[in-house]
Amino acid sequence: MPMKLIVRCALVLAMALAAPVQAAMPATPALKVTTLDGKPYDLAAQRGHWVIVNFWATWCVPCIKEMPDISHFVSTHKNVSAIGLAYDDSALADIKAFVAKHPVSYPIAQMGLDNPPKDFDEPRGLPTTYLIAPDGTVAKRFVGPITGDVLAAAIADAK
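Numbering (the UniProt record's numbering), first residue to last: 1 to 159.
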């Protein structure tokens with residue numbers, strides 16, 4: 001076996017072993033949170049509808065830019081709901097003030113960076129959005145900003 005091939009194989013193996021181990025996300029993730037207004041939110045209760053699960057942060061410019069698009073999409077599609085997850089360690093009062101300045105038509109909950117939802121992969125970039133199908137399975141995962149057109153196309157492709 002040529003030496004270069006052995007070195008490459010060893011490097012690939014070392015990188016694979018050094019990668020953090022992360023459990024695979026379940027096909028039908030669970031999510032139970034309390035929204036900023038103190039109400040419980042259960043993803044399982046949304047079965048029968050498409051659900052947008054959007055991880056964002058107050059300091060994330062692309063997140064702020066996409067929020068009105070997601071809000072408009074939810075408002076204009078009866079079969080679609082959303083939950084915004086502020087993946088942000090800011091004080092709760094600061095998150096609430098941010099949402100008051102940037103209102104949306106869907107509930108928001110705060111997720112601390114040290115306590116992401118167990119059934120969702122930890123976001124590696126923001127915004128990160130999951131499109132959940134009416135049967136509760138993950139239809140699509142997006143990293144980066146999305147638009148209503150992107151969401152509509154993903155729903156049409158998944159049907």
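Note that CB positions come from ideal geometry on N, CA and C, so glycine has one too.
Minimum Cα-Cα distance from lysine 140 among the listed residues Trp50, Arg124, Tyr87 and Leu31 corresponds to Trp50. Apart from sequence neighbours up to five positions away, the residues of its chain that approach arginine 124 with a beta-carbon distance below 8 Å are Val143, ordered along the chain. Nearest neighbour of alanine 109 by Cα position, chosen from Ile64, His77, Thr147 and Trp56, turns out to be Trp56. By the neighbour-count criterion, in which a residue is buried when 16 or more other Cβ atoms sit within 10 angstroms of its Cβ, glutamate 66 is buried.
Sorting Gly48, Met25 and Leu126 by C-alpha distance to the C-alpha of leucine 113 places Leu126 at the top.
Around the C-beta of alanine 154, 16 or more other C-beta atoms lie within 10 Å, and the residue is accordingly described as buried.
DSSP, read as helix, strand or coil, puts valine 104 in coil. Beta-bridge annotation (DSSP): alanine 109 is paired with Leu85. Cβ contact annotation for proline 134 (same chain, cutoff 8 Å, sequence separation greater than five): Arg47, Gly48, His49, Trp50 and Asn79, in chain order. Straight through space, the alpha carbons of tyrosine 106 and methionine 25 are spaced by roughly 24 Å.
With a contact defined as Cβ atoms closer than 8 Å, valine 99 and leucine 36 qualify at about 6 Å.
Burial of proline 145 is indicated by the presence of at least 16 other C-beta atoms within 10 angstroms of its C-beta.
In this structure, the CA atom of threonine 129 is about 14 Å from the CA atom of alanine 152. Sequence-distant Cβ neighbours of aspartate 89 in its own chain, meaning closer than 7 Å and more than five residues away, are Gly112 and Leu113. Here isoleucine 132 carries a strand assignment [DSSP, helix/strand/coil].
As DSSP reads the structure, phenylalanine 142 sits in a beta bridge with Thr129.
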